[in-house]
Structures are given as C-alpha cells and as structure tokens.
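Chemist: Pasting a structure below so you can have a look.
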Amino acid sequence: MTAEEEQLSTKTVLEATGGVLVQGDAQTSFAGVSTDSRSIRPGELFVALRGEQFDGHRFFSEAIQRGARGGVIEQEVERTADKTITIIKVGNTLQALGDVAHWWRKRHPIPLMAVVGSNGKTTTKEMVAGILEQQGAVLKNPGNLNNLIGLPLSLLKMNAKDRAAVLEMGMNRAGEILRLTHIAEPDIGILINIGPVHLEGLGSIEGVMKAKGELLQGMGARGRLIFNADDPRVVELSKGFQGEKTAFGVKNPADWQATDIRTRDAGGVSFQLKGSAGTIPVSLKLMGRDQVYNALAAAAAASHLGVGMKAIKEALEAFQPPPMRMEPMALGKGIRIINDAYNANPPSMELALRTLEEVTGGKKIAVLGDMWELGEHAEQAHRELGRQTQERGVDLLFLLGQFAPQVAQGAQEAGMAPQAICIGKDHHAVSLRLAQAVKKGDWVLIKGSRIMKMEEIIKELRDTL
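Residue numbers (the working numbering): 1 to 465.
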C-alpha cells in the first residue's frame, strides 16, 4: 500500500459515510481522526459526537484552532474563515465514525480477532497480542477502549506495518456488539464467558447472553469461533454458529485444555497446556485459576495464526497482568495485595474471592467497593456478595459504597461475626482501619467498580505501612 493509499481523504470519508460536503476540497487528506478537541493533533479530522452529557459541536471551532483540518458534523456549526477547512455533514456522527472505521478496516485485510465476554476481555486481548507480537506489529485497542467510540478510533490507527489485529468489544445495551462486529469484520471471534453484568441495560442474564451472541450473528458463517466449552451459555450459543469452531476448557472435552492447575504461594498459577501440537507446561504470573481460561483462549487464537507451542509458552510466561486486574503486589511489612481494582461485577467478584480463598499464609482480607450497572438487581447481588465472602473464608471484610450495608447483611446472615466487618465512609477511613488490622503474611484483595476508585486505598495503605 502506497503512502497516498494510507491517507484518509475527504473523498473517502464522503464515500464511507454518504455525507454531504459543506465546505472544502474533496482531495484534502487527514493525518488521523479524533473526537476530542482537547487532544486533537494538527492535520486530523474532528468528529463532533453528541451524547447525553456532551455535544462535540460546541467545540468545533476549538478543534479547528488547534489544527484540525476538517470536521464531521450532524448539525450546523459556525463556518470557518479558512474555506480550505473540510466540513462534512452526516445524519449521525457516531454512525459515521463507525462507517469510516469499517472502510479503513477493509483497506487493511489483515487477520483480526474480536474478544467478547463478561470478564477477562482485556487480559485475553493483551495475551493474544503479546504472543503475536513475536512475529510482527499487532494493532490492539489501548486499555479498554472497546465501545462504539473507542473501537473505531482504534481501527483507524491500523497501518501497513500491522500483521494482525486483536480488539476487545464491550457493551452495556443490546445491539452494540452487533454494530462493532459489522465495523471490525473479525476473522476470529473469541467468546470467553457470559455472566450477570450490565443488568441495568440488559435486564437479565438471558439479555446478556443474547447481546454477547451478537458476535456470532455479525460474523455469520465466515471465520472461526473460539469458545469456552465450560460455560453452558457460551456452548449453547456456539451451536448456532455455522463457521469453523475451536473449543477451550478445563472441565469438559475441548481442542485446547488445561490440566494439573496449581496456585503458587508467591502469586501466579501453573498448568499443563494441551493443544493441537502436544502438551507443554506453562507458568503464569497472574493470580487466579480463571486466568487459565484467558490463556487457553489466547493460545488457541495464536495457534490458528500459525504460532507454535514453544512460542506460545514463552509469551504467556513473560506476560505481565494489565494494571489493577488481578495484579499481585507486595507492600511494606510483608503485606501481599491482589489489586483487582479496575472494575467489578458479580461473576468477577466471585472469581476474585475464589482466588483469595486459594492463597496460603496469614489472614484473608477482602476490601470491596460497590458493583455498578446492576439496576433493580443491585441490592440482591450485594447481599449475595456478602454471603460469598463468608463462604470463601474471608477473615476480615472492609466495605465502601452505598451498597456496603447490603454486603455486610449478607455476610452476617452467612455467619460472619459483626466485628469482622468494617464499613468506611471514604477511602481514607477504610485505609486507616485496614492499616491497623493487616499483619505480615496477610493477603488483601481490593476490588470494586471503576467509579469506586478502590486503588486509592492501596496508595494510602502504601504511605501508611
């Protein structure tokens, strides 16, 4: 592909979106695409998105002043004095962003993998990318920029150097995964698991299952589905996929399996990886047996693109967990932390508590914040979380958030002593009480939804110990 073909032009944006050229030259080219006037770079195309809490049209002039070469709008904006500035009007700017990204993806026909699931998407994506990067450049969405804005912006960074792409797809309402699948056109779909998440927008676990199944619907009969043979909802969805299929699992027969799974005292998990080319031992630096499923999915995907078992093992063993995702940490005075503060939902809480149960040493302490986006299920889910803390052998329970009383209620109903439970009014209060209770050799799990910012407790605890 020539340098000219690597350029996104006014003409191609019009072709992709069906928009109308209000101002500018059809031959104008852009250095990239941005939806944020604050960080836009000279030469980029500004897409003025609208949402419930923002309207990018208000910042159109600012984007131009900062060097944008043009903009995509859906309502009138003040015209610029410079008539060479491109202005394209469309019916819906969010739709247009996805359409341009889809057009760009089709110009780069490299293998693309889409990762979908209730938990573990980011870790699996990073594992796949880490394995494939041994063979060349790999495009991936930064962090968890996996929605109808983040995924298209990630796709638009694809260039001629990329040998493959791996993108996670997220959603909180029906129709989003289907749209993302149409935009990205994945060759491989990876379906990790299905659990009760985003219930506020989807209503029920059946709604979640249907929404995740949009990946298969969008792929149709093309490509390959890599799926979790131990998740009954995933298995049920896989039956309707008409393309090629590869299963991974621990309990049920699968193409890729893990056996002899062991949790290491220093943190991490080891297992025997059995795949199409034999069996090889793997030792992960990540905490939790559920990480084995992420590794199996990544191994299956990489193998399909021609990566051998030895290279898969080396990449998995070198893999470092993304920040705040079951990240083992050591603080002063011999305190060991499981930092899973990035986000939380009922299934991920259950997995994290199971990991805490498996470690050996001193006391097992859980520091938990609210789980969000559960709607009418929130109180029940938090009471159930409390019951799980007792059932998983938590010695001390520290709570933060509006649903802390429900968690405490559930824990006491399951038999936890009231004096083992502490509800803090803020991060500082929790960290002070935690610092007084924690001793050498103890394990501390810290977890909550993103909005709870539970990592602040780790920062304060580090300063205190």
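By construction, the Cβ of each residue, glycine as well, lies at the ideal position given by its N, Cα and C atoms.
If we define contact as Cβ-Cβ less than 8 Å, is Gly249 a contact residue for chain D?
Modeler: Here there is only one protein chain, and chain D is not present.
Chemist: In three-state terms, what does DSSP make of Thr464?
Modeler: Three-state DSSP puts Thr464 in a helix.
Chemist: On the DSSP letters alone, give me the boundaries of the beta strand (DSSP E) that Ile205 sits inside.
Modeler: Careful: Ile205 lies outside any beta strand (DSSP E), inside the alpha helix (DSSP H) at Ile205 to Lys212.
Chemist: Closest to Asn144 by CA distance: which of Thr80, Gln134 and Gly117 is it?
Modeler: Asn144 has its Cα closest to that of Gly117, out of Thr80, Gln134 and Gly117.
Chemist: Pairs of beta-carbons, one from the segment 250-259 and one from the segment 221-231, closer than 8 Å: are there three or more?
Modeler: At 8 Å Cβ cutoff, the stretches touch.
Chemist: Pull up the DSSP beta-bridge partners for Trp443, would you.
Modeler: In DSSP, Trp443 forms a bridge with Arg336 and Lys364.
Chemist: Can you grab the Cα-Cα spacing for the pair Gly150 / Glu455, in whole Å?
Modeler: The alpha-carbon atoms of Gly150 and Glu455 are separated by roughly 24 Å.
Chemist: In this structure, how does DSSP classify Ser158 when only helix, strand and coil are distinguished?
Modeler: Residue 158 is actually Met in this sequence, not Ser. Coil at Met158, not helix or strand.
Chemist: Can you tell me where the alpha helix (DSSP H) holding Ile131 begins and where it ends?
Modeler: Counting along the chain, the alpha helix (DSSP H) containing Ile131 begins and ends at Lys121 to Leu132.
Chemist: Would you call Met1 buried or exposed, if buried means 16 or more other Cβ atoms sit within 10 Å of its Cβ?
Modeler: Reliability fails at Met1, whose pLDDT of 46 lies under 50, so the model's placement of it is uncertain and the value that follows must be treated cautiously. Met1 comes out exposed.
Chemist: Buried or exposed for Ile457, please, with buried defined as at least 16 other CB atoms from any protein chain shown within 10 angstroms of its CB.
Modeler: By the neighbour-count rule (16 or more Cβ atoms within 10 Å), Ile457 is buried.
Chemist: What is the DSSP secondary structure of Thr259, reduced to helix, strand or coil?
Modeler: Strand at Thr259.
Chemist: Can you give the beta carbon distance from Arg224 to Ile194, rounded, assuming they're within the 8 Å contact cut?
Modeler: No, Arg224 and Ile194 are not in contact; Cβ-Cβ is about 19 Å, not under 8 Å.
Chemist: With a CB to CB cut of under 6 Å and the five nearest residues on each side skipped, what residues in its chain are close to Ile280?
Modeler: For Ile280, where only same-chain residues beyond five positions count, the Cβ hits under 6 Å are Leu273, Met309 and Lys313.
Chemist: With distance defined between alpha-carbon atoms, name the residue in Ala137, Ser154 and Lys106 nearest to Val33.
Modeler: Checked all of Ala137, Ser154 and Lys106; the closest Cα to Val33 is Ser154.
Chemist: Where does Glu455 fall in DSSP's three states?
Modeler: DSSP places Glu455 in helix when its eight states are reduced to three.
Chemist: Name the DSSP bridge partner or partners of Asn228?
Modeler: Asn228 pairs with Phe248.
Chemist: Of the choices Gly278, Glu413 and Val282, whose alpha-carbon is the least far from that of Val269?
Modeler: Of the listed residues, the one whose Cα sits closest to Val269 is Val282.
Chemist: By the three-class DSSP mapping on this structure, what secondary structure does Gly18 have?
Modeler: Correct three-state label for Gly18: coil.
Chemist: Please go through the same chain and pick out, in chain order, the residues whose beta-carbon is closer than 6 Å to the beta-carbon of Thr17, but skip the five residues on each side of it.
Modeler: Once the five neighbours on either side are set aside, the close Cβ partners of Thr17 are Val90, Ala96 and Asp99.
Chemist: Tell me which residues share the same chain as Gly170 and place their Cβ nearer than 6 Å to its Cβ, disregarding the 5 neighbours each side in the sequence.
Modeler: Only Asn146 and Asn147 meet the Cβ criterion.
Chemist: My assumption, with CB atoms under 8 Å, is that Gln27 sits in contact with Thr10. Please give the rounded CB distance.
Modeler: With a Cβ gap of about 7 Å, Gln27 and Thr10 count as contacting.
Chemist: Can you give me the start and stop residues for the alpha helix (DSSP H) that Ser303 sits inside?
Modeler: Unbroken alpha helix (DSSP H) run through Ser303: Asp290 to His304.
Chemist: Quick check: what's the CA-CA separation for Ala318 versus Phe30?
Modeler: Going by the C-alpha atoms only, they are around 38 Å apart.
Chemist: Have a look at Pro328 and Ala420 and give me their C-alpha separation to the nearest angstrom.
Modeler: Distance between the alpha carbons of Pro328 and Ala420 is about 24 Å.
Chemist: Are the CB atoms of Met326 and Leu356 nearer to each other than 8 Å?
Modeler: No, they are not a contact pair.
Chemist: Report the residue from Glu460, Leu432 and Leu400 whose alpha carbon sits nearest the alpha carbon of Ile451.
Modeler: The candidate whose alpha carbon is nearest that of Ile451 is Leu400.
Chemist: Mapping DSSP to helix, strand and coil, what is Gln23?
Modeler: Strand.
Chemist: Please state the DSSP three-state secondary structure of Glu168.
Modeler: Strand at Glu168.
Chemist: Using only alpha-carbon positions, find the residue among Arg58, Ser61, Thr86 and Leu14 that is nearest to Leu45.
Modeler: Ranking the options by Cα distance to Leu45, first place goes to Thr86.
Chemist: Could you have a look at Thr86 and say whether DSSP puts it in helix, strand or coil?
Modeler: Here Thr86 sits in strand by DSSP.
Chemist: Starting from Ser61 and walking both ways along the alpha helix (DSSP H), at which residues does that stretch end?
Modeler: Looking at the DSSP string, the run of the alpha helix (DSSP H) that includes Ser61 is Phe60 to Gln65.
Chemist: Hey, which unbroken runs of the beta strand (DSSP E) at 3 residues or more fall wholly within the segment 380-452?
Modeler: Counting only runs of 3 or more, we get 396-400, 421-424 and 443-447.
Chemist: Provide the residue span of the alpha helix (DSSP H) that contains Gly201, from first to last.
Modeler: Unbroken alpha helix (DSSP H) run through Gly201: Leu199 to Leu202.
Chemist: Tell me the residue span of the beta strand (DSSP E) that contains Ile188.
Modeler: Taken as a continuous stretch (DSSP letters only), the beta strand (DSSP E) holding Ile188 covers Ile188 to Leu191.
Chemist: Could you pull out every residue in the same chain whose Cβ sits closer than 8 Å to the Cβ of Met219, ignoring the five residues on either side in sequence?
Modeler: Only Thr181, Pro186, Gly189, Leu225, Phe241 and Gly243 meet the Cβ criterion.
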